[in-house]
DNA sequence: GATGAATGAGCGTTCATTCAT
DNA sequence: GATGAATGAACGCTCATTCAT
């Protein structure tokens, strides 16, 4: 429907740009409209209100990302490989799109509780992907059979999230994607992976 | 100093109460003043501006917490024990003070970038405590000698933080402190601790 | 002429329906268009602007009413009979068409001064009918020969109008048309009619 | 309380001036504030919102008027005299305060249904005064013993209201107060007063 | 004639901060 | 030191109207 219209994505991309450049609280609707090259009122033909722009932004960008990860992961055999791919894709996506990184890691978190709860709904899709990897790893013996999946997932997501946030707070001074292998190793150990055997070559 | 006057802490505690009950965006200066039992203008005799209240809040509460941890940790011998104490104290402090937990984990993160950067300054003290534990663990052979301290610290802090946030988002439905041992184990593994041997009794 | 096209009346009737159901301030052009089953832009092929719809609405509905009254009155002999017919027709028309009653008595009065002045132009036709009745009554001796026609007309119109408005504000709880005879009697007295003699049968 | 502060009446008077000069829809809060010589925000120390200004305006001005009428009327003996005083005071008040006349007769009626209903609440006090006069007149034999008080009140109020509105629509071209005696006479007749006897001298 | 997507001006209200008392 | 009345900048959203198709 409306999502097929070019202006829909145009406005979302304008929102990312404006928020990344000026911060969440400086992202007035009129500024987003100007950046998108449309009139203020046009925004409201595609979005219910300002909050709807931000939720849609997150849904579109994160949704696309989750789908990509999902299909890429399908091609890997071991849970360890899948986890590495997830971490690495996550880091690469944000490295390649620093505006989006700032928006999702810092700016959007300044929103009110309701918006943040909706963002969390979207994130659940991502957390499910992690859970699948963990479950598979437990079942095929890669990970400890006593692993608490919920807590392990919190470790994985928390570590990735904190790593990205720190990188941004340090103004992207170093190469985020270069950390993938080390982080992967930390997390694998955390999951009780049989450290020496599966890791071959470049990962360690 | 102004900090020695009773009204200083009175205002900070009022801020915690007001933010915990009504959320960051409902925490108007006049409401904090009413809760503290002072006039609006009085706030500005003790704090430069509203942001200053929130930074001071974080400094006072987190500062006290870091000092406590630091002195408690001094009594423990191994890095593993210190880490367990840190995790457990962290979880217990927030379990025992849910208002403060909501304020620091959710509400204060809605503030703008500048405020969050100052909050990060305060957090650095906490991160240093973690770094000390990790360094000690590496030096005395408890942890892997190739451990990247910065990334391990991000894993530890990120995992703790995500665990607390998830607990709050689930409206404290379960016992946070009960997770200490399991989280500790995950993180120890992550750090390459010689899993089986050192953990005795209740940790595993 | 444009007025001859079917969509002209279709839009006016849609306007009455929309205003009656949702009130003046909720009667957006796009809503009227939807109710009329035409596109927004089509409205502007038949009406200069929104105000023009409302004026035309009043002209059409009130104009029709005045013509009806005029021809009906012609069949009556005395001024008193004509006045009764006028009051009774007025009450019946609005009783039978409550949507229109709400629109003309309440909603349209929320319009701005210019629109209300144009509505008054239309009303002048109605006031002229009243004036004719009064003049005839004075001339044939039914009414006081000192009667001030302008003021008597204001009394008649003001009384009818206030009676209808009160009826609507009371949510049509009682039968408006049942008041015709009593109101007629009050107004006849006001006009100095020789009370006892001319009123025969049902009027008193 | 707040009503005792001088700024309360200052803002109400500013509202009358601004609405009278520019019309209801041009009466922005900021314009009223400027006219009152206060900051926009100050308005909200004395009034809940814009609507509250207008209701208060009506309550203050009409409330004062009703009290005045009530006490003046107490000094008159007959219902006829009381009615004359009421009409004459009504006309004089609005003649002496043409801005207020425009505001209450034309502009305030453009407000939405809720505001108009609150205005009607205030008006009920005025209608009660009329009802008292009518009841007294019926009881002491001045008026017809079959007089329907509700309808007679609608005639009296409707006639006065229509007379004032016509005067304003004619841009105050003639002397409104000069009509008091004639209107009084019309209404007395309407009420079935024994025409010849009670009216002495100046009334007719 | 008919459409409907796009336009953009306009405004009530909040609240951090000041300063005369 | 303490007060609290006053300030005024800032912004999301609606809807009558246009015009390219």
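Residue numbers (UniProt numbering), protein chains in the order written: chain U, 1 to 204; chain A, 1 to 204; chain H, 1 to 204; chain S, 1 to 204.
Beta carbons are placed, not taken as given, at the ideal position from N, Cα and C, and that holds for glycine.
Looking at S:85, S:39, S:169, S:113, the one whose alpha-carbon comes closest to that of residue 178 of chain S is S:85. Boundaries of the alpha helix (DSSP H) harbouring residue 65 of chain S: 50-74, taken from the DSSP string.
By the Cβ rule, the region 110-121 of chain H counts as touching the region 40-59 of chain H, because three or more pairs are nearer than 8 Å. Note on geometry: alpha-carbon atoms of residue 140 of chain H and residue 140 of chain S lie some 35 Å from one another.
The beta-carbon of residue 9 of chain S is placed no less than 7 Å from the nearest beta-carbon of chain H. Those residues of the region 144-157 of chain U placed with their C-beta closer than 7 Å to a C-beta in chain A are 148, 151, 152, 154, 155, 157, ordered along the chain. Under the three-state reduction of DSSP output, residue 22 of chain H falls in the helix class. Close to residue 109 of chain H, with beta-carbon spacing below 8 Å, are these residues of chain S in chain order: 109, 110.
Uninterrupted alpha helix (DSSP H) stretches at least 4 residues long and entirely within the region 116-192 of chain U occur at 149-169, 180-190, given in chain order.
In the three-state reduction of the DSSP assignment, residue 29 of chain A falls in the helix class. Sequence-distant partners of residue 153 of chain S (beyond 5 residues in either direction) whose C-beta falls short of 7 Å from its own C-beta, in its chain, are 127, 130, 131, 134. Within 7 Å of the CB of residue 162 of chain H, the CB atoms of chain S belong to 154, 157, 158, 161, in sequence order along the chain. Taking the Cα positions, residue 180 of chain H is about 15 Å away from residue 172 of chain H. The way I'd put it, the region 26-39 of chain A does touch the region 7-15 of chain A; three or more beta-carbon pairs between them come closer than 8 Å. Within chain U, no residue has its beta carbon less than 7 Å from that of residue 49 of chain A; the closest one is some 16 Å off. Burial check for residue 25 of chain A: the Cβ neighbour count within 10 Å stays below 16, so the residue is exposed.
The beta carbon of residue 133 of chain U does not come within 7 Å of any beta carbon belonging to chain A, so the residue lies off that interface. In the three-state scheme derived from DSSP, where H, G and I count as helix and E and B as strand, residue 194 of chain A is classed as coil. At a cut-off of 7 Å between beta carbons, residue 100 of chain S makes no contact with chain H. In the structure shown, residue 77 of chain H adopts coil according to DSSP, grouped into three states.
Here the region 84-102 of chain A makes contact with the region 9-22 of chain A; the two share three or more CB pairs at distances below 8 Å. CA-CA distance, residue 83 of chain A to residue 108 of chain U, rounds to 32 Å. Between residue 79 of chain H and residue 137 of chain H, the C-beta spacing is below 7 Å.
Take the alpha-carbon of residue 11 of chain S and the one of residue 63 of chain S: they are about 17 Å apart.
Within chain A, the residues whose beta carbon sits less than 8 Å from that of residue 106 of chain U are 113, 116, listed in sequence order. Considering only H:106, H:123, H:61, H:187, the residue with the shortest C-alpha distance to residue 156 of chain H is H:187. When only Cα atoms are considered, residue 175 of chain S and residue 183 of chain S end up about 13 Å apart. In the structure shown, residue 37 of chain U adopts coil according to DSSP, grouped into three states. The C-alpha of residue 150 of chain A is placed about 15 Å away from the C-alpha of residue 192 of chain A.
Boundaries for residue 5 of chain U: no alpha helix (DSSP H) harbours it, and the DSSP string shows neither H nor E there. Contact check for residue 158 of chain S against residue 159 of chain H passes: the beta carbons are separated by less than 7 Å. Look at residue 89 of chain H here: in three-state DSSP terms it is helix. In the three-state reduction of the DSSP assignment, residue 45 of chain S falls in the helix class, which pools H, G and I.
For residue 69 of chain H and residue 91 of chain H, the gap between their C-alpha atoms comes out near 12 Å. Residues of chain A with a Cβ closer than 8 Å to the Cβ of residue 187 of chain U are, in chain order, 155, 190. Around the beta-carbon of residue 110 of chain A, 16 or more other beta-carbon atoms lie within 10 Å, marking it buried.
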